[in-house]
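Per this note's numbering: the sequence shown ends with 630, consecutive numbering throughout. Idealized CB from N, CA, C, for every residue including glycine. Since the structure is predicted, the reported quantities are computational estimates derived from the model, not experimental observations. Take a look at the structure set out below.
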Amino acid sequence: MTDMHARRAELRLDASLEGLAVVLRGATADPEEYNCECHWGSAEELALLKVPDVKLDPDLLRRTWQAPDWRDHGSVLRRILPQLAGAVIDSRSESFRYRDEIGVSLARGRWQEWPHEQAAAVREFLHAFWAYSLVTPDPVARTHQTLVLCVEASGELGTWLNVWETLEHPTADRNLAEAVDVWDYDLLVDELPWSTWHDKDDMVAVLTAWLARHAPARLRACNAPDELLQRLRLIGLTGPSRWDDPQWPHYTY
Numbered sequence: 378m379t380d381m382h383a384r385r386a387e388l389r390l391d392a393s394l395e396g397l398a399v400v401l402r403g404a405t406a407d408p409e410e411y412n413c414e415c416h417w418g419s420a421e422e423l424a425l426l427k428v429p430d431v432k433l434d435p436d437l438l439r440r441t442w443q444a445p446d447w448r449d450h451g452s453v454l455r456r457i458l459p460q461l462a463g464a465v466i467d468s469r470s471e472s473f474r475y476r477d478e479i480g481v482s483l484a485r486g487r488w489q490e491w492p493h494e495q496a497a498a499v500r501e502f503l504h505a506f507w508a509y510s511l512v513t514p515d516p517v518a519r520t521h522q523t524l525v526l527c528v529e530a531s532g533e534l535g536t537w538l539n540v541w542e543t544l545e546h547p548t549a550d551r552n553l554a555e556a557v558d559v560w561d562y563d564l565l566v567d568e569l570p571w572s573t574w575h576d577k578d579d580m581v582a583v584l585t586a587w588l589a590r591h592a593p594a595r596l597r598a599c600n601a602p603d604e605l606l607q608r609l610r611l612i613g614l615t616g617p618s619r620w621d622d623p624q625w626p627h628y629t630y
């Protein structure tokens, strides 16, 4: 059953990539688009963004989505997104390790305001990638990094946590334990474990409450270490109840 679930997630992700390729086929950057040769790339590279469906080399792809100063970021993103989406899920690609930044790039492109079919294809890719990440073991897709991509791209946190909560899958449980281990240092001092374009305080509150309510049983189910369970318990406390707890960690914040 577990293998079937993972296989369905993989097929959904493949279909979402094809959907992006179909709806964005022929997309180009605006003909008047410009970027500084000194800071971004050459005139020849810029010209490639105005030709549809030509594959970019990995370095050019990364520089293009990372650049914050396009006149029309949305049109540039539509040009490269089918290739970029493939790179996001390929651990061998240059862009793979920048998934949190890719979420910001998507937000900067205001993809929700694109024509309906295009926006729907982006949304389906995000949801398919999230579903795939939850049931895929490391190092193929670190779930906590995929969450950041989805959150930053969409401006939502609860939507993605709700999917995680309703999914009964041992890999999803193990990935949750790994995420708590990564996040706890920041959450214990009420900081969000990633930089955000959105309301940081609200996201801290949502994530903390969700973990306190939902994560303990999942972590126990995957035999998480007692130390990690104690840190999770502390995250659910507030104020002096947390700081004065005998289990408060000795490392310095």
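For R551, the CB contacts under 6 Å within the same chain, skipping 5 residues up- and downstream, are C599 in chain order. Boundaries of the alpha helix (DSSP H) around Q495: 493-511. Excluding its 5 nearest sequence neighbours in each direction, E555 has no C-beta neighbour in its own chain below 6 Å.
In this structure, K432 is the residue among A586, K432, D446, R469 with its C-alpha nearest to the C-alpha of P459.
Taking C-beta atoms under 8 Å as the contact rule, R456 and A398 fail to qualify, at a distance of about 12 Å. Taking a cut-off of 8 Å on C-beta distances, the segment 568-584 touches the segment 534-545, as three or more cross pairs fall below it. Between S572 and the set A508, A505, L606, I479, the nearest pair of CA atoms involves I479. For Q624, there is no enclosing alpha helix (DSSP H), as DSSP gives it neither H nor E. No residue range can be given for N600, since it is assigned to no alpha helix (DSSP H) and is classified by DSSP as neither H nor E. As for any beta strand (DSSP E) of minimum length 3 sitting wholly inside the segment 422-456, there is none. Your pair V559 and Q495 does not check out as a contact, with CB atoms roughly 33 Å apart and the cut at 8 Å. Ranking P623, T615, D579, H591 by CA distance to the CA of E604 puts P623 first.
Taken in chain order, the whole alpha helix (DSSP H) runs of length 4 or more contained in the segment 533-601 are 535-543, 547-564, 577-598. Leaving aside the five residues that flank R487 on each side, the residues in its chain whose CB is nearer than 7 Å to its CB run, in chain order, G451. DSSP, reduced to helix, strand and coil, places R487 outside both helices and strands of the structure shown, so it counts as coil.
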